[in-house]
Amino acid sequence: MRVSQWVAVLCSGLFHLCVAALPADPAPIIPPDLTAYSALPTITDPVLSQSGRYFAFQANIDARRMVVVVESGGGVIHQIDFGDIKLRSLMWAGDDYVLAISSSTQNLGMFYGGRYELFNFLVIDVATGETRWPIQAASTRVLNAAFGFYPPNRWRGKWQQCVNTLALDRSQFGTKLYIRDGDLDLACFDLASGKLRFAAKGGQTTDGWLMSPSGEILATAYRDSARQQWSLKRGKGVSVFSDKDMLAEHDSRYGADGIIGLGREPGTVLYTVSDTEQATHYREARLDGSAEPVAVFDDRDIAEVVFDRHTQLLSGYRVSGISPSLEMLSDADQARVVGAQKAFPGSQVNFVSMSQNLDRMIVLTESNTDSGTWWLVDIAKGSAEILGNSYPGVRSSQVGGFSSWRYHASDGLPIEAVLTEPPSVADGPLPLVVIPHGGPEAHDKLGFDWLAQAFASRGYLVLQPNFRGSSGYGAEFRNSGFGQWGRKMQSDLSDGVAALVEAGRVDPARVCIVGASYGGYAALAGVTLQRGIYRCAVSIAGVSDPAALLREREVERQHNSMRYWRDYLGVSTSFDGDLDSISPLAKAREATAPVLLIHGKDDLVVSISHSRRMAKALARAGKAHRLVELPGEDHFLSRSHTRRRALEEAVSFVMQHNPPQL
Numbered sequence: 121m122r123v124s125q126w127v128a129v130l131c132s133g134l135f136h137l138c139v140a141a142l143p144a145d146p147a148p149i150i151p152p153d154l155t156a157y158s159a160l161p162t163i164t165d166p167v168l169s170q171s172g173r174y175f176a177f178q179a180n181i182d183a184r185r186m187v188v189v190v191e192s193g194g195g196v197i198h199q200i201d202f203g204d205i206k207l208r209s210l211m212w213a214g215d216d217y218v219l220a221i222s223s224s225t226q227n228l229g230m231f232y233g234g235r236y237e238l239f240n241f242l243v244i245d246v247a248t249g250e251t252r253w254p255i256q257a258a259s260t261r262v263l264n265a266a267f268g269f270y271p272p273n274r275w276r277g278k279w280q281q282c283v284n285t286l287a288l289d290r291s292q293f294g295t296k297l298y299i300r301d302g303d304l305d306l307a308c309f310d311l312a313s314g315k316l317r318f319a320a321k322g323g324q325t326t327d328g329w330l331m332s333p334s335g336e337i338l339a340t341a342y343r344d345s346a347r348q349q350w351s352l353k354r355g356k357g358v359s360v361f362s363d364k365d366m367l368a369e370h371d372s373r374y375g376a377d378g379i380i381g382l383g384r385e386p387g388t389v390l391y392t393v394s395d396t397e398q399a400t401h402y403r404e405a406r407l408d409g410s411a412e413p414v415a416v417f418d419d420r421d422i423a424e425v426v427f428d429r430h431t432q433l434l435s436g437y438r439v440s441g442i443s444p445s446l447e448m449l450s451d452a453d454q455a456r457v458v459g460a461q462k463a464f465p466g467s468q469v470n471f472v473s474m475s476q477n478l479d480r481m482i483v484l485t486e487s488n489t490d491s492g493t494w495w496l497v498d499i500a501k502g503s504a505e506i507l508g509n510s511y512p513g514v515r516s517s518q519v520g521g522f523s524s525w526r527y528h529a530s531d532g533l534p535i536e537a538v539l540t541e542p543p544s545v546a547d548g549p550l551p552l553v554v555i556p557h558g559g560p561e562a563h564d565k566l567g568f569d570w571l572a573q574a575f576a577s578r579g580y581l582v583l584q585p586n587f588r589g590s591s592g593y594g595a596e597f598r599n600s601g602f603g604q605w606g607r608k609m610q611s612d613l614s615d616g617v618a619a620l621v622e623a624g625r626v627d628p629a630r631v632c633i634v635g636a637s638y639g640g641y642a643a644l645a646g647v648t649l650q651r652g653i654y655r656c657a658v659s660i661a662g663v664s665d666p667a668a669l670l671r672e673r674e675v676e677r678q679h680n681s682m683r684y685w686r687d688y689l690g691v692s693t694s695f696d697g698d699l700d701s702i703s704p705l706a707k708a709r710e711a712t713a714p715v716l717l718i719h720g721k722d723d724l725v726v727s728i729s730h731s732r733r734m735a736k737a738l739a740r741a742g743k744a745h746r747l748v749e750l751p752g753e754d755h756f757l758s759r760s761h762t763r764r765r766a767l768e769e770a771v772s773f774v775m776q777h778n779p780p781q782l
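Residue 121 is where the sequence shown starts when you use this note's numbering, and the numbers rise one by one after that.
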């Protein structure tokens with residue numbers, strides 16, 4: 121069955137998967153049901169096999185997740201139903217195996233620190249379609265969890281997957297298993313047999329390994345978080361305190377350093393370091409130590425790097441920013457990328473996966489009439505086959521136009537934002553929804569954003585500012601956010617509102633703010649630390665008490681994270697009195713508008729206690745508010761039914777307190 125036929129089968133039973141294939145609506149434009157936005161993207165994480173002969177993707181159908189394996193230019197050969205398992209990504213071992221990375225919330229008990237989001241992997245044998253559920257689950261030698269994944273490699277000619285994990289021992293007084301020492305070891309699993317071998321023993325300061333395509337350990341990294349030191353040695357290494365085989369060492373305040381992979385040629389390693397301004401730089405060192413490490417890409421803001429599928433050598437990089445691009449090191453490879461991009465004029469083109477020789481590529485296009493279309497590009501044939509749509513329930517005429525919009529903060533700092541227009545633009549100034557991103561060291565990009573588009577479909581203009589402290593604009597812009605949490609980072613948002621009002625685009629009396637994670641904090645701060653700007657606020661998994669956020673890192677002695685958040689918050693300790701001045705919880709009695717709090721009960725990034733405590737503080741102060749708790753949901757709204765409820769609650773709340781039409 122071909123991909124188009126497979127999608128058609130789904131369409132026969134699930135109409136909303138097919139509406140993208142229908143012609144555009146005539147005016148007036150009728151907005152789709154909110155489920156068109158809240159549903160998990162129909163297709164996620166498509167990835168080509170090494171040769172490009174096959175590709176696999178995750179299909180999200182209501183609450184079910186399926187992995188579909190397809191022969192390029194042919195038909196579907198396997199489809200595996202994973203139910204409601206949270207699949208995080210897919211990757212290939214050659215053309216032989218698909219590896220599905222999953223996660224789940226597990227409680228290891230108070231002795232081990234309570235609840236964790238634990239990762240694992242499952243193996244799909246392409247030849248037989250057999251699915252091997254977590255190989256680690258069958259082992260009594262390691263914990264059934266992975267704390268870091270390495271590219272699959274061929275050890276003695278056989279595909280294996282290596283992970284960082286914890287070794288187990290059996291109690292001498294019974295059959296109970298326990299974690300041996302808390303140090304992460306390097307364990308490798310034969311993908312055919314499931315057989316386990318320990319490739320390297322980790323120590324208290326071990327920070328990971330560099331492996332060759334044949335499974336040889338080439339280098340070992342070490343991190344001493346308390347002493348703020350990071351170092352790199354050739355081979356397996358034994359002790360960080362020995363200078364033998366040292367390739368690099370430097371100070372590391374935030375722990376933003378580590379092995380990335382092989383360098384541009386055999387015998388080299390690529391790693392990251394942070395300078396005194398905490399800007400991240402790429403460095404390349406020779407594994408034989410014959411030369412000093414050299415800087416790579418220091419003139420570019422890199423989002424991520426790309427490696428050759430066969431040699432695993434560095435082959436390209438993605439430039440960060442509001443409109444990211446792919447740059448390949450080889451002129452021939454870059455010509456193929458440029459050629460493919462020209463095939464989609466007027467679209468944001470995201471190169472998601474490429475075969476070893478770049479003769480096949482999977483790209484995602486987004487535009488003002490495209491909610492996200494997946495394509496299989498065949499360079500040799502000069503063809504592009506549609507694989508499907510991310511949000512097929514949104515017709516081309518229902519997509520809100522998005523564009524880059526620039527303004528200046530009150531202190532003159534240039535700010536870039538994404539502006540999303542309602543599909544049907546009404547006359548006169550529009551109601552506005554401000555959606556600050558999470559992170560806060562992150563940034564919004566041009567593209568189809570499901571949350572922004574949902575509000576735009578209801579008649580709101582949507583502003584997503586990349587405020588100071590955001591990534592994607594260089595180290596100086598990122599660092600300008602340090603000490604400005606709740607201060608200029610917050611006023612950067614309201615300065616954007618003021619600029620839109622001045623431009624005649626927005627009615628200043630009809631503005632709400634909605635955000636998740638740090639954006640949730642900004643939403644709460646918008647109606648507690650600021651006054652008279654927003655008619656309502658929606659906080660999804662938001663921080664209400666910065667002191668508590670920092671205190672968690674201090675109690676757990678997370679040195680790197682603790683230093684980072686102290687610097688970002690502009691304080692020296694969680695007991696600094698200045699934190700009250702930027703705390704929505706401390707300022708709850710000053711709330712000037714109704715507040716909606718939405719939080720997942722399984723959130724391990726920002727505890728649900730932030731929303732529960734905020735709700736109690738608002739109740740004591742007699743302020744209008746509502747708390748919605750999402751059972752089984754994590755920080756990222758990973759489950760379809762709870763994501764749907766979160767969106768419906770948020771849109772309903774905003775429409776109640778800031779109607780789009782007056």
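Glycine residues also receive a C-beta, built at the ideal position from the N, C-alpha and C atoms.
Keep in mind the model is a prediction, meaning the values are calculated, not measured.
What does DSSP give as the partner residues of residue i in its beta bridges?
i: residue 218; result: 212 and 244
i: residue 718; result: 660 and 748
i: residue 528; result: 534
i: residue 602; result: None; residue 602 has no bridge partner.
Who are the near neighbours of residue i in its chain, counting only those whose CB is closer than 8 Å to its CB and skipping five residues on each side?
i: residue 773; result: 656, 658, 714, 716 and 746
i: residue 566; result: 442, 443, 468, 486, 522, 523, 524 and 538
i: residue 191; result: 173, 174 and 197
i: residue 760; result: 158, 159, 160, 180, 182 and 183
i: residue 490; result: 467, 516, 519 and 568
Buried or exposed: residue i, going by 16 or more other Cβ atoms within 10 Å of its Cβ?
i: residue 650; result: buried
i: residue 166; result: buried
i: residue 568; result: buried
i: residue 776; result: exposed
i: residue 653; result: buried
i: residue 275; result: buried
i: residue 722; result: buried
i: residue 535; result: buried
i: residue 253; result: exposed
i: residue 762; result: buried
i: residue 612; result: buried
i: residue 608; result: buried
i: residue 542; result: buried
i: residue 150; result: exposed
Alpha carbon to alpha carbon, how far is residue j from residue i? Give it in angstroms, no decimals.
i: residue 661; j: residue 669; result: 13 Å
i: residue 386; j: residue 355; result: 15 Å
i: residue 462; j: residue 350; result: 43 Å
i: residue 296; j: residue 266; result: 21 Å
i: residue 382; j: residue 410; result: 16 Å
i: residue 625; j: residue 549; result: 5 Å
i: residue 726; j: residue 647; result: 20 Å
i: residue 142; j: residue 499; result: Note on residue 142: pLDDT 37, under 50, position unreliable in the model; the coordinate value appears next. Cα-Cα distance, rounded: 28 Å.
i: residue 688; j: residue 622; result: 31 Å
i: residue 281; j: residue 433; result: 18 Å
i: residue 360; j: residue 740; result: Its pLDDT being 49, under 50, residue 360 is placed unreliably in this model, and the value from its coordinates should be taken loosely. Near 54 Å, if we compare the C-alpha coordinates of residue 740 and residue 360.
i: residue 705; j: residue 178; result: 40 Å
i: residue 331; j: residue 426; result: 16 Å
i: residue 378; j: residue 580; result: 43 Å
Using beta-carbon positions only, say whether residue i and residue j come within less than 8 Å of one another.
i: residue 415; j: residue 556; result: no
i: residue 287; j: residue 306; result: no
i: residue 794; j: residue 211; result: Outside the displayed range of the chain (121 to 782) lies residue 794, so it cannot be described from this structure.
i: residue 708; j: residue 743; result: yes
i: residue 215; j: residue 169; result: yes
i: residue 388; j: residue 754; result: no
i: residue 731; j: residue 664; result: yes
i: residue 460; j: residue 481; result: yes
i: residue 552; j: residue 583; result: yes
Please confirm if residue i has its CB atom under 8 Å from at least one CB of chain B.
i: residue 477; result: Of the chains in the structure shown, none is chain B; there is only one protein chain.
Looking only at its own chain, which residues have a Cβ that is under 7 Å from the Cβ of residue i, when we skip the five neighbours before and after it?
i: residue 488; result: 519, 521 and 522
i: residue 418; result: 401
i: residue 505; result: 495 and 496
i: residue 121; result: Confidence at residue 121 is low in this model, with a pLDDT of 48, below 50, so its placement is unreliable and the value that follows should be read with caution. Answer for residue 121: 195 and 196, listed in chain order.
i: residue 640; result: 659, 660, 661, 662 and 663
Does the beta carbon of residue i fall short of 7 Å from some heavy atom of the ligand ZN?
i: residue 493; result: Absence of the ligand ZN from the depicted structure is noted, as is the absence of any ligand whatsoever, leaving it without description.
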